[in-house]
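In my numbering, the protein residues as written are 101 to 386.
For each residue, glycine too, the CB sits at the ideal point set by N, CA and C.
Just so it is clear, the structure is predicted and the values come from calculations on it, not from any experiment.
Report on the following structure.
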């Protein structure tokens, strides 16, 4: 039986920055995996919310003058895309085109500087919304592909953090991210490749393997890890350019949604390109 001292320490830990970060991480992981399992509308709503939040943070960070119209227009266009993907009603497709046109009208009223930054924000948010939803909609391999993305991104993030702290050594790019090291980079890369290999092995045992051999999947996981870490550095460069510490404060202990999805966005961009061309998971091609 725990005494009052142990209970007090537990409460103190849960209220500490580390405790808050841990609780937020557990909630985010549960949401991500739970909605991936259910798929459909629940999954689509999560990523619609995530992409809209990323757009909101982006527009605020880059100091777009017409913030509210920009965010509303983009979020409505994302919503129309989701509805068009989930339903067969032709009117929704027309609505998606109209709302996308509305976002373009908002951009026309901006300065050139704001148009460029707002357009980039719309694209980033759209990738976060569209790629997971399109990938998950594949009935055979969609859930497996989403779990692969999570495994690569989370494995890279966790291993890079602990390897970097344990080994230290030369900095990866000190001007952009003073805490990141080459040891962390290679630790994250190794963990992502191991995660991809083990996930592919488990999928083959379960009879749901992607149309890639294990070594190809392992190499693809390594490539995704490198691209994900590049996305992390790109967001660091963006924040440094606009002199902000975090993209937002929506997630307790973690900052903004974009802070948590920078690597995820980069890997989704890779997956989106594969959907358009290579499609090694057999999703969305043909």
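- About 6 Å separates the beta carbons of residue 333 and residue 276, which is inside the 8 Å limit, making them a contact pair.
- Residue 347 is positioned such that its CB atom lies closer than 8 Å to that of residue 161.
- In this model, residue 207 and residue 223 are separated by some 13 Å (Cα to Cα).
- By the Cβ neighbour-count rule, residue 364 is buried, with 16 or more other Cβ atoms within 10 Å of its own.
- Under DSSP, the beta-bridge partners assigned to residue 277 are 273.
- Here residue 355 is bridged, per DSSP, to 351.
- Rounded to the nearest whole angstrom, the C-alpha separation of residue 239 and residue 313 is 21 Å.
- Annotation for residue 155: the continuous alpha helix (DSSP H) segment containing it runs 140–161.
- Membership of residue 339 in the alpha helix (DSSP H) is indicated by the continuous run 314–341.
- Annotated three-state conformation of residue 135 is helix, per DSSP.
- For residue 170, the uninterrupted alpha helix (DSSP H) run begins and ends at 167–186, by DSSP.
- Membership of residue 164 in any alpha helix (DSSP H) is not indicated, and neither H nor E is assigned to it by DSSP.
- For residue 148 against residue 187, the beta-carbon gap comes to about 14 Å, at or over 8 Å, which does not count as contact.
- A direct Cα-to-Cα measurement between residue 283 and residue 201 gives close to 46 Å.
- Contact check between the region 284–304 and the region 241–255: three or more CB pairs, one atom from each, fall below 8 Å, which counts as touching.
- By the neighbour-count criterion, in which a residue is buried when 16 or more other Cβ atoms sit within 10 angstroms of its Cβ, residue 191 is exposed.
- Taken atom to atom, the span from the alpha-carbon of residue 354 to that of residue 197 is near 35 Å.
- Take residue 156, set aside five residues on each side of it, and the residues of its chain with a beta-carbon closer than 6 Å to its own are 171, in chain order.
- Taking C-alpha positions only, residue 253 is separated from residue 320 by approximately 13 Å.
- Between residue 154 and residue 371, the beta carbon gap of about 17 Å keeps them out of contact (Cβ cut-off 8 Å).
- Out of 138, 158, 118, 144, the CA that lies nearest to the CA of residue 359 is found in 158.
- The beta carbons of residue 322 and residue 292 sit closer together than 8 Å.
- Taking residue 169 as reference, the option from 204, 140, 212, 309 with the minimal CA-CA separation is 204.
- Contact between residue 259 and residue 296 does not hold, since the beta-carbon distance rounds to 13 Å and is not under 8 Å.
- By the C-beta density criterion, residue 163 is exposed, having fewer than 16 other C-beta atoms within 10 angstroms.
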